[in-house]
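So the sequence shown is residues 157 to 416, counted in the numbering used here. Built from N, CA and C at the ideal position, the CB exists for glycine as well. Let me begin by presenting the structure, written as structure tokens, before commenting on it.
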Amino acid sequence: MCTQSAELYPANAITTKTVNLVNGENFDPSFIGINPSATLPTLTADGKSYRNTTDVILYLVANAPTRSPPQPLTKPSLNRSMKTNTIPTLHCFSFAMTPNVSPKLARCPRPLSRIIGQATLVKHSQDSANSRYAAFYAEKLAGNGALLDIYTGTNKNPSAFYAQSQEHFSNLKYYLYTILPSVLPADGFIAGTTPGEADFHHVAAWLTRISATSGATSAADALVALEKIFREPVPEVVRNYARVWIVRDSWKRVYAAGLH
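Okay, structure coming up:
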């Protein structure tokens, strides 16, 4: 479930299914058949598959019984900033601040989860019944294997990865502390009194994800986690924006079990 579906659709109007990325469920051939990129979110509707955040949100907004007016952001720097953040945030925070931590990371739960997902990937890749996806599995095995080498310390010269992670970290901070405050309203949402496409697409899930990756588990510690990882107070306009989101029933339903 995502905030836009919870906000715009009545309960049970959309059938949801959890795909556990930690366990590598997205590598199952049945899911690859729906989304060849094996990524989330993915939506199937009207005989079609919508395979990325933009397409999913556009469909949900356009077909919602409770219409939310489109409110695209006019500042291209917002989209450009998000697109330049090419290293997954899950890994960025692990490495950006303290480069020489591979031995410890190899024993912590997050690298372990990567190994679990990799084992699932290997299992599916070795199944002859999945040969039609051989190219996909080969590419993922190579990419994930290189990342696991960083985690486990097998890669003895990870300086390029660390440098890229630190650059990504800087991009995230610049977005959060400079670009985002410049587009958020003093009160309410970008779309007005209720959230619209720009709120769903560009900000809400991103901000929650960054908070979760920073160590937050609920709304109560989200801003604290951000300030701890970025070592600066979160801008007041971002605080206000977070506050108007977390009191909404849609947000509470989506994140009832914790931030993600």
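The Cβ-Cβ distance between tyrosine 331 and glutamate 388 does not fall below 8 Å. Bridge pairing for lysine 204: Ala201 [DSSP].
The count of Cβ pairs closer than 8 Å, one atom from the stretch 184 to 201 and one from the stretch 283 to 293, reaches three, so the stretches are in contact. Here aspartate 405 is exposed, its C-beta having fewer than 16 other C-beta atoms within 10 Å.
Annotation: the continuous alpha helix (DSSP H) that includes lysine 408 extends over 405 to 410. If you draw a straight line from the Cα of asparagine 179 to the Cα of glutamine 274, it is about 8 Å long. In the DSSP annotation of this structure, the continuous segment of the alpha helix (DSSP H) that includes valine 212 starts and ends at 209 to 219. The straight-line gap separating the alpha-carbon atoms of tyrosine 206 and threonine 195 is approximately 11 Å. With contacts defined by Cβ atoms closer than 8 Å, isoleucine 335 and phenylalanine 317 do not form a contacting pair. Along the length of the stretch 281 to 369, whole beta strand (DSSP E) runs at least 3 residues long do not occur. The distance from the Cβ of valine 393 to that of alanine 342 is about 6 Å, consistent with a contact at the 8 Å cut-off. With a cutoff of 8 Å on beta-carbon distance, leucine 277 and tyrosine 289 are scored as not near each other.
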